[in-house]
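Student: First to last, the sequence lines map onto chains A, B, C and D.
Anchor point for the first sequence: position 20 equals 20 in my numbering, and the numbering is continuous, going up by one each time.
Anchor point for the second sequence: position 16 equals 16 in my numbering, and the numbering is continuous, going up by one each time.
Anchor point for the third sequence: position 1 equals 1 in my numbering, and the numbering is continuous, going up by one each time.
Anchor point for the fourth sequence: position 64 equals 64 in my numbering, and the numbering is continuous, going up by one each time.
Note that the Cβ used here is the ideal one computed from N, Cα and C, for glycine as well.
Take a look at this one; I'll ask things after.
4 protein chains.
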Amino acid sequence: MIATAELQLIPLGEGVSVREKIGRVVDLLSDHDLIIETHAMGTNIEGKMIDILAAIGEIHAVLHSEGSTRLISYIKLETRTDKVPSLEAKRL
Amino acid sequence: MIATAELQLIPLGEGVSVREKIGRVVDLLSDHDLIIETHAMGTNIEGKMIDILAAIGEIHAVLHSEGSTRLISYIKLETRTDKVPSLEAKRL
Amino acid sequence: MIATAELQLIPLGEGVSVREKIGRVVDLLSDHDLIIETHAMGTNIEGKMIDILAAIGEIHAVLHSEGSTRLISYIKLETRTDKVPSLEAKRL
Amino acid sequence: MIATAELQLIPLGEGVSVREKIGRVVDLLSDHDLIIETHAMGTNIEGKMIDILAAIGEIHAVLHSEGSTRLISYIKLETRTDKVPSLEAKRL
């Protein structure tokens with residue numbers, strides 16, 4: 001099942017600027033078979049729902065292994081059966 | 001105080017497609033002195049925090065007056081004092 | 001890795017009241033080895049991160065198989081390495 | 001117009017534990033004519049929509065004046081016209 005999603009991951013305890021860590025999140029997402037679109041408030045994602053969920057879990061594991069102590073992901077996950085969803089079709 | 005924000009408004013009870021209502025939200029935001037950037041999972045906003053909050057309240061009131069029965073807004077609201085925030089600076 | 005999370009699932013196109021569907025979400029979560037706590041704006045969850053992510057994917061699949069056309073999940077997912085997180089410890 | 005809402009405020013750059021700051025948020029909310037219910041993943045709020053929005057803006061201003069550098073609020077805001085919403089009625 002194809003899903004569209006948004007991910008904003010916030011590392012706590014790594015200072016005020018989290019830009020470097022967000023770049024790492026995008027890098028890790030790019031290793032998966034997913035369409036990703038970054039924007040000012042998060043990263044939009046299109047792909048198989050199970051791949052999106054697996055990628056998010058992997059990102060938490062990898063960032064912790066790289067030294068992050070506390071991570072919060074804010075996720076929107078959308079699925080629909082009346083048509084194949086896509087980020088492109090969802091733009092106004 | 002300048003804030004950056006994201007708004008995704010979901011109308012309930014108006015069918016599966018909510019595209020028309022989202023267009024109305026963007027129209028209403030455009031009437032305010034705010035920078036807005038639409039994307040597939042919401043609308044990013046930059047402007048005075050009080051203007052953003054007022055605009056969101058107004059949008060709920062207007063959409064209800066236009067017939068919407070139930071509305072849920074998902075909002076991210078960011079402020080910082082170490083620099084003037086902007087959507088442009090937050091892009092990777 | 002143990003995570004704490006919040007899930008609010010919104011079905012679109014099923015009318016203004018979504019209480020029955022939310023009850024189904026809680027039922028499906030209850031089938032997993034997870035601690036769940038419902039509240040007015042969502043359901044808090046504690047358990048293995050991979051189990052939480054798998055449960056959310058399963059819920060989308062089951063609700064679609066039961067007739068839902070469009071589903072949006074709003075998820076907060078927290079992990080930390082400095083202690084074992086729990087919903088109980090996170091209460092004020 | 002009465003609204004129900006959820007607020008989770010995250011301070012960045014204040015270390016891994018943000019419990020003290022969350023307590024301050026609840027204190028500030030308590031100064032308003034709002035019903036509040038804390039839970040493990042945020043604080044649920046019931047009251048006039050304009051009071052809720054004003055309280056959130058005030059909290060950002062006060063926390064910055066008390067030394068916070070960067071704040072992100074995650075807000076769910078619900079309104080409906082078919083009945084007067086309440087946190088109590090929204091519990092399962």
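Buried or exposed for residue 66 of chain C, going by 16 or more other Cβ atoms inside 10 Å?
Tutor: Residue 66 of chain C is exposed by the Cβ-count criterion.
Student: Ignoring anything shorter than 3 residues, give me the beta strand (DSSP E) runs that lie fully in the segment 9-41 of chain A, in order along the chain.
Tutor: Counting only runs of 3 or more, we get 35-39.
Student: Measuring alpha carbon to alpha carbon, tell me which residue in A:11, A:32 and A:5 is nearest residue 64 of chain A.
Tutor: Ranking the options by Cα distance to residue 64 of chain A, first place goes to A:11.
Student: So the beta strand (DSSP E) residue 92 of chain C belongs to, where does it begin and stop?
Tutor: From DSSP, residue 92 of chain C is part of no beta strand (DSSP E); its letter is neither H nor E.
Student: Run through the segment 39-67 of chain D for me and flag every whole alpha helix (DSSP H) of 4 or more residues, listed as ranges in chain order.
Tutor: Those alpha helix (DSSP H) runs which fall completely within the segment 39-67 of chain D and span 4+ residues are 49-65.
Student: How would you call residue 3 of chain C, buried or exposed, if buried means at least 16 neighbouring beta carbons within 10 angstroms?
Tutor: Classification of residue 3 of chain C: buried, given that the 10 Å Cβ count is 16 or more.
Student: Between the alpha carbons of residue 48 of chain C and residue 32 of chain B, how many angstroms are there, rounded?
Tutor: Answer to the nearest angstrom: the Cα atoms are 45 Å apart.
Student: Kindly list, in the order they appear in chain A, the residues whose Cβ is closer than 8 Å to that of residue 72 of chain C.
Tutor: Simply 76, 77 and 78.
Student: Quick check: is the beta carbon of residue 6 of chain C nearer than 8 Å to any beta carbon in chain D?
Tutor: Answer yes: the Cβ-Cβ gap between residue 6 of chain C and chain D drops below 8 Å somewhere.
Student: Could you spell out where the beta strand (DSSP E) holding residue 76 of chain C opens and where it closes?
Tutor: Looking at the DSSP string, the run of the beta strand (DSSP E) that includes residue 76 of chain C is 70-80.
Student: Is there a C-beta anywhere in chain A that falls below 8 Å from the one on residue 15 of chain C?
Tutor: Closer than 8 Å: no.
Student: Taking DSSP's pairing of strands, which residues face residue 6 of chain A in a bridge?
Tutor: A:44 and A:76.
Student: Rounded to the nearest angstrom, what separates residue 19 of chain B and residue 22 of chain A at their Cα positions?
Tutor: Approximately 29 Å between the Cα atoms of the pair.
Student: Please state whether the Cβ-Cβ distance between residue 6 of chain D and residue 76 of chain D is less than 8 Å.
Tutor: Yes; because the gap between Cβ atoms is below 8 Å, this pair is in contact.
Student: So residue 39 of chain C contacts chain A; which residues on that side make the cut at Cβ distance below 9 Å?
Tutor: What residue 39 of chain C touches in chain A: nothing, since even the nearest Cβ is about 18 Å away.
Student: Report the residues of the segment 48-60 of chain D with a CB closer than 8 Å to any CB of chain B, ordered along the chain.
Tutor: Residues passing the 8 Å Cβ filter: 49, 50, 53, 54, 56, 57 and 60.
Student: Is there contact between the segment 31-45 of chain D and the segment 36-45 of chain B, where contact requires at least three CB pairs shorter than 8 Å?
Tutor: Too few Cβ pairs lie closer than 8 Å, so no.
Student: Only counting the same chain, and skipping five residues up and downstream in sequence, which positions put a Cβ closer than 7 Å to that of residue 34 of chain C?
Tutor: If we look at residue 34 of chain C and ignore the five residues flanking it on each side, its Cβ neighbours are 45, 46, 47, 51, 52 and 55.
Student: On the premise that residue 9 of chain B lies in contact with residue 73 of chain B, defined as a C-beta separation below 8 Å, what is that separation, rounded to the nearest angstrom?
Tutor: The pair is a contact, with the Cβ atoms about 5 Å apart (cut-off 8 Å).
Student: For residue 81 of chain C, return the contacting residues in chain A, with the cut-off set at a CB-CB distance below 8 Å.
Tutor: Under the 8 Å cutoff, chain A gives 64, 68, 69 and 70.
Student: Does the beta carbon of residue 22 of chain A come closer than 8 Å to any beta carbon on chain D?
Tutor: Output row for residue 22 of chain A: interface = no.
Student: Could you check whether the Cβ of residue 94 of chain A sits closer than 8 Å to any Cβ belonging to chain B?
Tutor: Nothing can be reported for residue 94 of chain A: it is not among the residues displayed for chain A, which extend from 1 to 92.
Student: Between residue 78 of chain C and residue 92 of chain A, is the Cβ-Cβ spacing less than 8 Å?
Tutor: Their beta carbons are not under 8 Å apart, which means residue 78 of chain C does not touch residue 92 of chain A by this criterion.
Student: Could you tell me whether the Cβ atoms of residue 82 of chain B and residue 62 of chain A are closer together than 8 Å?
Tutor: No, these two residues do not count as a Cβ contact at 8 Å.
Student: Measure the Cβ-Cβ separation of residue 14 of chain D and residue 68 of chain D and say whether it is below 8 Å.
Tutor: The answer is yes: Cβ separation under 8 Å.
Student: Counting only beta-carbon atoms, is residue 28 of chain B nearer than 8 Å to chain A?
Tutor: Answer no: the Cβ-Cβ gap between residue 28 of chain B and chain A never drops below 8 Å.
Student: Taking 8 Å as the threshold (beta carbon to beta carbon), is residue 12 of chain B in contact with chain C?
Tutor: Yes, its Cβ sits closer than 8 Å to a Cβ of chain C.
Student: In whole angstroms, give me the CA-to-CA distance for residue 24 of chain B and residue 84 of chain B.
Tutor: Rounded to whole angstroms, residue 24 of chain B to residue 84 of chain B spans 29 Å at the Cα level.
Student: Are the C-beta of residue 92 of chain D and some C-beta of chain C separated by less than 8 Å?
Tutor: Cβ-Cβ to chain C under 8 Å: yes for residue 92 of chain D.
Student: Sorted by chain position, which residues of the same chain lie with C-beta nearer than 6 Å to residue 1 of chain B's C-beta, five sequence neighbours on each side aside?
Tutor: Once the five neighbours on either side are set aside, the close Cβ partners of residue 1 of chain B are 49 and 79.
Student: For residue 87 of chain D, which residues in chain C fall below 7 Å Cβ to Cβ?
Tutor: 40, listed in chain order.
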